[in-house]
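This report concerns only the one structure given below.
Residue numbers (the numbering used here): 559 to 638.
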């Protein structure tokens with residue numbers, strides 16, 4: 559499900575990752591600082607999943623972030 563997120567006073571990057579399910583794509587308006595924060599949170603989540611054994615190796619990821627998939631948006635993609 560593709561969902562466009564609006565950034566307001568209730569926006570929190572961590573909450574986006576908590577409510578994502580397999581196959582979800584969230585589009586957040588692009589801002590360089592926000593995009594870097596989203597990439598950092600995705601790498602943290604993937605690292606933690608590797609540590610608990612859900613993901614098998616370094617190439618295996620659950621969350622992927624793209625700035626080019628949807629121009630003007632940072633796309634957060636949940637693969638698993």
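In this text, a Cβ means the ideal position worked out from N, Cα and C, and glycines have one as well. Note that the coordinates shown come from a computational prediction; the quantities given were computed from them, not determined experimentally.
- With 16 or more other CB atoms across the displayed protein chains lying within 10 angstroms of its CB, residue 578 is buried.
- Going by DSSP, residue 562 is part of the beta strand (DSSP E) stretching over 560 to 562.
- DSSP, reduced to helix, strand and coil, places residue 585 within a strand of the structure shown.
- Rounded to whole angstroms, the separation of the alpha carbons of residue 599 and residue 575 is 8 Å.
- Of 610, 624, 620, the smallest CA-CA separation from residue 594 is found for 624.
- The three-state reading of DSSP puts residue 633 in strand, counting E and B together.
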